Amino acid sequence: MSAPITVPGTEFAAAPGNDVASPLPHAAALALDLTGRTALVTGAAGGIGRACALRLAAAGARVRAVDRAAEGLRTLADEADALPGTLEPHLLDLTDLDAAEAAAAGTDILVNNAGIQLVRPIEEFPPDVFHTVLTVMLEAPFRLIRGALPHMYGQGWGRIVNLSSVHGLRASAFKSAYVAAKHGLEGLSKTAALEGAPHGVTSNCVNPGYVRTPLVERQISDQAAAHGIPPERVLTEVLLKDSALKRLIEPEEVAEAVLYLCSPQASFITGSSLTLDGGWTAH
Numbered sequence: 222m223s224a225p226i227t228v229p230g231t232e233f234a235a236a237p238g239n240d241v242a243s244p245l246p247h248a249a250a251l252a253l254d255l256t257g258r259t260a261l262v263t264g265a266a267g268g269i270g271r272a273c274a275l276r277l278a279a280a281g282a283r284v285r286a287v288d289r290a291a292e293g294l295r296t297l298a299d300e301a302d303a304l305p306g307t308l309e310p311h312l313l314d315l316t317d318l319d320a321a322e323a324a325a326a327g328t329d330i331l332v333n334n335a336g337i338q339l340v341r342p343i344e345e346f347p348p349d350v351f352h353t354v355l356t357v358m359l360e361a362p363f364r365l366i367r368g369a370l371p372h373m374y375g376q377g378w379g380r381i382v383n384l385s386s387v388h389g390l391r392a393s394a395f396k397s398a399y400v401a402a403k404h405g406l407e408g409l410s411k412t413a414a415l416e417g418a419p420h421g422v423t424s425n426c427v428n429p430g431y432v433r434t435p436l437v438e439r440q441i442s443d444q445a446a447a448h449g450i451p452p453e454r455v456l457t458e459v460l461l462k463d464s465a466l467k468r469l470i471e472p473e474e475v476a477e478a479v480l481y482l483c484s485p486q487a488s489f490i491t492g493s494s495l496t497l498d499g500g501w502t503a504h
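Sequential numbering from 222 applies to the sequence shown in the working numbering.
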């Protein structure tokens, strides 16, 4: 796209290098010491995963940053260099389910974040892509949880945070695979919460609306084609149509919610879905 997408009548401005506009938050960061804890974050090379990996490392955790993008992981490791915790890049394609399960061994905190998006009508949706989306976004989280639980149960403490979406609670047209995967993730998360409760393990979903990430930016043209509108109208007429707050949420805001669910103050929260949707589900 040649020009930033902005919301008419607002002061929102796109950040450098981004086409999707949103203001940066200035809220104080949550104070939490995770020194000695090992956290695994999938899809860590960019977007929400990157923000979560950096936030957990800033809290002192040893972070296993999992992604299939080698260059993005190297950049992330450089960014985390001066933080109190440590960050270990872990190159992994989550369609390798055995490797995913093995990577989660010894994990205290598991953040299932990796995602794929394709916008197409069901009758045009490629079956192989549907299969891949479900593998990466539902079956891989199951295998990661399966790999992490023995250690969590053994020590009587664990935190599972599943990056769901408002689409885990609501559907949108043209997103059959994504919506199906997120709805399935909600059920998996609740089941893990019920099984993990006697062992000191919580499992929750975080459900943001549209986040200013490359995943969102990449679907602008597909959304325009699916809805038959110009790309510059996608933000206001599609992405933010049902949101009371007419802006995109920042990855760093989502990361603070993830961190909160790892805090002592959130120890009684399990089997829940924490919505950060700007009022979308208030309808």
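Every residue gets a Cβ at the ideal spot worked out from N, C-alpha and C, and that includes glycine. Note that the structure is a prediction, hence the values are computed from the model and not measured.
Exposed or buried, which one is Val455 when buried takes at least 16 other CB atoms within 10 Å?
One-based indexing of the sequence shown puts residue 455 at position 234. Counting the other Cβ atoms within 10 Å of the Cβ of Val455 gives 16 or more, which makes it buried.
Using 8 Å for Cβ pairs, my map puts Leu308 next to Ala286. What's the rounded Cβ distance?
On the sequence shown, position 87 is the one that residue 308 refers to. On the sequence shown, position 65 is the one that residue 286 refers to. Confirmed, about 6 Å.
Strand pairing of Glu344, partner residues [DSSP]:
One-based indexing of the sequence shown puts residue 344 at position 123. DSSP, once it has assigned bridges, lists no residue as partnering Glu344.
Exposed or buried, what is His352 when buried is set at 16 or more other beta-carbons lying within 10 Å of its beta-carbon?
Walking along the sequence shown from the start, residue 352 turns up at place 131. Exposed.
Enclosing beta strand (DSSP E) for Ile269 [first to last residue]
Residue numbering aside, residue 269 sits at position 48 when the sequence shown is read from its first letter. Taken as a continuous stretch (DSSP letters only), Ile269 belongs to no beta strand (DSSP E), being part of the alpha helix (DSSP H) at 268-279.
By DSSP, does Glu309 sit in helix, in strand, or in coil?
Here residue 309 is taken as the residue at index 88 of the sequence shown, counted from 1. Correct three-state label for Glu309: strand.
Let me know the secondary structure DSSP gives Thr412 once reduced to three states.
The residue labelled residue 412 in the question sits at position 191 within the sequence shown. In the structure shown, Thr412 sits in a helix (DSSP, three-state: H, G or I).
Element boundaries [beta strand (DSSP E), containing Asp299]:
Residue mapping note: residue 299 aligns to position 78 of the sequence shown, counting from 1. Here Asp299 belongs to no beta strand (DSSP E); instead the alpha helix (DSSP H) covers 291-300.
Could you say which of Glu300, Ile330, Met358, Thr296 lies nearest to Leu318 if we only look at CA atoms?
If you number the sequence shown from 1, residue 318 lands on position 97. Distance check between Leu318 and each of Glu300, Ile330, Met358, Thr296 places Met358 closest, using alpha-carbon atoms only.
If you drop the 5 nearest sequence neighbours on each side, which residues of the same chain put their C-beta closer than 6 Å to that of Asp254?
Translated into positions along the sequence shown, residue 254 becomes position 33. So the qualifying residues of the chain are Gly281.
Under 8 Å by Cβ, that's how I've got Leu331 and Leu365 pegged, so tell me the actual separation to the nearest angstrom.
Taking the first residue of the sequence shown as position 1, residue 331 is located at position 110. Taking the first residue of the sequence shown as position 1, residue 365 is located at position 144. That pair is a contact at about 6 Å.
Restricting to Cα atoms, I'd like to know which of Ala465, Ala321, Thr491, Glu474 is closest to His187.
Because the chain is modelled from 222 through 504, residue 187 falls outside the range shown and cannot be assessed.
Below 8 Å on the Cβ atoms is my contact criterion, and I expect Thr184 with Pro472 to pass it. Report the Cβ-Cβ distance as a whole number of Å.
What is shown of the chain runs 222 to 504, which leaves residue 184 out entirely.
Specify, as a first and last residue, the run of the beta strand (DSSP E) that Gly379 falls within.
Here residue 379 refers to the residue found at position 158 of the sequence shown. Where Gly379 is concerned, the enclosing beta strand (DSSP E) stretches over 379-384.
For the alpha helix (DSSP H) containing Ser442, list its first residue and its last residue.
Within the sequence shown, the letter at position 221 stands for residue 442. That run of the alpha helix (DSSP H) goes 441-448.
Going by DSSP, what residue range makes up the alpha helix (DSSP H) through Arg367?
As a working note, residue 367 is residue 146 in the sequence shown. That run of the alpha helix (DSSP H) goes 361-376.
Once DSSP output is grouped into helix, strand and coil, what is the label at Thr457?
Counted from its first residue, the sequence shown places residue 457 at position 236. Correct three-state label for Thr457: helix.
Evaluate Asp288 with the Cβ neighbour count: other Cβ atoms within 10 Å of its Cβ, from every protein chain shown; 16 or more gives buried, anything less gives exposed.
Here residue 288 corresponds to residue number 67 of the sequence shown, with the count starting at 1. Buried: at least 16 other Cβ atoms inside 10 Å.
Taking just the CA atoms, how far does Val340 sit from Phe489?
Walking along the sequence shown from the start, residue 489 turns up at place 268. Walking along the sequence shown from the start, residue 340 turns up at place 119. Cα to Cα, the separation comes out at about 37 Å.
Helix, strand or coil for Thr491 per DSSP?
On the sequence shown, position 270 is the one that residue 491 refers to. Looking at Thr491 - three-state DSSP - the assignment turns out to be coil, as it is neither helix nor strand.
Option nearest Gly270 by Cα separation, candidates Lys467, Arg258, Ala298:
Within the sequence shown, residue 270 is the residue found at index 49, counting from 1. Nearest to Gly270 by C-alpha distance, out of Lys467, Arg258, Ala298, is Ala298.
Just grab the DSSP bridge partners of Ala260 for me.
Walking along the sequence shown from the start, residue 260 turns up at place 39. Beta-bridge pairing links Ala260 to Val284, Ile330.
Thinking C-alpha only, which one of Ala250, Glu407, Glu453 is nearest Leu390?
Start at 1 with the first residue of the sequence shown, and residue 390 comes out as number 169. Ranking the options by Cα distance to Leu390, first place goes to Glu407.
Whole angstroms are fine: how far does the CA of Gly336 sit from the CA of Val354?
For the purposes of this step, residue 354 is taken as the residue at position 133 of the sequence shown. For the purposes of this step, residue 336 is taken as the residue at position 115 of the sequence shown. Distance between the alpha carbons of Val354 and Gly336 is about 7 Å.
Starting from the C-beta of Gln338, find all residues in its chain whose C-beta is less than 6 Å away, skip the five residues before and the five after it, and write them out in chain order.
What you label residue 338 is simply residue 117 of the sequence shown in a count that begins at 1. For Gln338, where only same-chain residues beyond five positions count, the Cβ hits under 6 Å are Tyr399, Leu436, Gln440.
Bridge partners of Leu505, per DSSP?
Limits of the chain in this structure are 222 at one end and 504 at the other, which puts residue 505 out of reach.
With a threshold of 8 Å on Cβ separation, who are the neighbours of Ala506 within its own chain once the five nearest residues in sequence on each side are excluded?
The structure shown has nothing for residue 506, since the chain only spans 222 to 504.
Distance, Cα to Cα, Val262 vs Asn334?
Walking along the sequence shown from the start, residue 262 turns up at place 41. Walking along the sequence shown from the start, residue 334 turns up at place 113. Roughly 7 Å separates the two Cα atoms.
So what's Thr434 in DSSP terms, helix, strand or just coil?
Within the sequence shown, the letter at position 213 stands for residue 434. The answer is coil: DSSP assigns Thr434 none of H, G, I, E or B.
Evaluate Lys396 with the Cβ neighbour count: other Cβ atoms within 10 Å of its Cβ, from every protein chain shown; 16 or more gives buried, anything less gives exposed.
For this step, residue 396 is matched to residue 175 along the sequence shown. Buried: at least 16 other Cβ atoms inside 10 Å.
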